[in-house]
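In what follows, a structure is listed as structure tokens, so that the remarks can point back to it.
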Amino acid sequence: MKNVIKCSNLKVLALLLILLGSSEIYAQYGYGNNGYGSRGGYGYGNQRSSIPQAQTPAEPPKPKTAEELVDDEMPRISEALALNEFEQAVLSSVLKKYVQERIEAQILKLPPEKMAEVYENITKRQDEELKAGLPLEKYEAFVALQKDGVSKTIKKNKKKKKDKRKKSKTD
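Throughout the sequence shown, residue numbering follows mature numbering (1 follows the signal peptide of the UniProt record, and there is no 0), covering -27 to -1, 1 to 144 in sequence.
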């Protein structure tokens, strides 16, 4: 009788191990060579489909608003012109106003002659408003900045500072 119980315990234990082990083996099914996809790929369905997918066109970047354009450039402009807070506020508000007008003119897509006339008119009004709002030397520096560009003006200012330092050291 003991032999029968021993044998049946052994059979029960073996059966239990097979049942528990088979669930672990079955859980690894998808990682094999021919798993769920069975196309010789990596399994898991149609990740690497042979049918080409339509490309969604990249959304074109939204154009910046006048405020964003001016806000991006103001730190460099104020550095080049050495503006105080009040002068920065005046220049920023005037530039935002007239950059917005230029953007609106571009949207209208006028003929080239008319566009040049509109831009010239906008520039005249901007210059008049800047003359009234800024000190004369800052206005002239801004006009020079528009002609030369911001980076050249910054380089000139740095060069002037170096020259002043050299003169003060030699004196």
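In this text, a Cβ means the ideal position worked out from N, Cα and C, and glycines have one as well.
Residues Ala39, Glu40 and Val43 of the same chain have their beta carbon placed closer than 8 Å to that of Lys69, with the five preceding and five following residues left out of the count. Across the structure, Arg75 and Gln61 are spaced so that their CA atoms are roughly 21 Å apart. Your pair Leu107 and Ala53 does not check out as a contact, with CB atoms roughly 14 Å apart and the cut at 8 Å.
Excluding residues up to 5 positions away in sequence, nothing lies with its Cβ nearer than 8 Å to the Cβ of Leu(-11) in the same chain. Just so you know, the alpha carbons of Tyr71 and Thr29 end up roughly 37 Å apart. For Leu83, the secondary structure class from DSSP, reduced to helix, strand or coil, is coil. When the Cα atoms are used, Pro85 and Gln26 turn out to be separated by approximately 43 Å. With a 10 Å radius around the Cβ and a threshold of 16 neighbouring Cβ atoms, Val(-16) comes out exposed. Around the CB of Leu109, fewer than 16 other CB atoms lie within 10 Å, so the residue is classed as exposed. In the displayed model, Glu101 falls within a helix according to three-state DSSP. Under the three-state reduction of DSSP output, Glu41 falls in the helix class.
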